Structure formats: structure tokens, C-alpha cells
Amino acid sequence: MYSPNYRKRYEEFLKADYPKILFTKNKDLFRALSLLGIELIGLHVLNQESLDYSFEKLKDATIGESCYKDERNRIIKKPSHNEPEQRLYINHSAYFRG
């Protein structure tokens, strides 16, 4: 809803009414998306249990490998992407590879 594309596309409608949130009729998909939403909220509020769980989940080679240069610092500061190394840095020492 905060997407500039969304706001531009529905500009006239949004002047007269609130945005509509579409829901799937597939109950299994809805439950899966709900769980992802709960996980995302935990990450947004920096809940330690959510952060630990996500770091463990990201160790799966199919998603991306979490790595540390010096110390195991999980605090997110100034994220950056290094295309040649295929790394997403979350701070000076922690990154995801792959």
C-alpha cells in the first residue's frame, strides 16, 4: 500500500475510499502467509527470538549462507550488497552469501 506504483495505479479510488486488502480463498496458503507475517513483525520489532530463528533458518544452503568475518555480530547496521562477491552485508562483519 505504500508502493508508489500502487498509489499511482489506484490514485482515484484511494481519494474516495480506503484501500482494500485482498485475501486468498486457499486456507493453507492463508495460514502460511499469516505465519510469514508474524515472523516479519518479529523481525521488524527486533524480537531476539525472531532474529535468532531467522539467522538459523538462513543457514539453509538453499536460501543463503550466513557468515561472519571477525565476531558473531548480529546487529543490523548499514546493510549493503556486494555484487562481485555475491554477499549481502548486514554490518561490518556479518553477511549472507549465495
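Everything in the sequence shown is counted per my numbering, starting at 7 for the first residue and increasing by one.
Each residue gets a CB set at the ideal place from its N, CA and C atoms; glycine is no exception.
In this text the structure is predicted, and so the values were computed from the model without any measurement.
Straight across, the Cα-Cα distance linking A100 with Y24 is about 41 Å.
With 16 or more other Cβ atoms inside 10 Å of its own Cβ, Y95 counts as buried.
For L20, same chain residues with a beta-carbon under 8 Å away, outside a window of 5 residues either side, are R13 in chain order. In terms of Cβ geometry, S56 and G48 form a close pair [threshold 8 Å].
Boundaries of the beta strand (DSSP E) harbouring N88: S86 to N88, taken from the DSSP string.
In terms of CA proximity to K84, N97 leads the group N97, E91 and R93.
Under DSSP, R93 shares a beta bridge with N88 and R103. One Cα belongs to V51, the other to N79, and the distance between them is close to 18 Å. Look at the stretch 12-48 and you find no whole run of beta strand (DSSP E) that is 3 residues long or longer.
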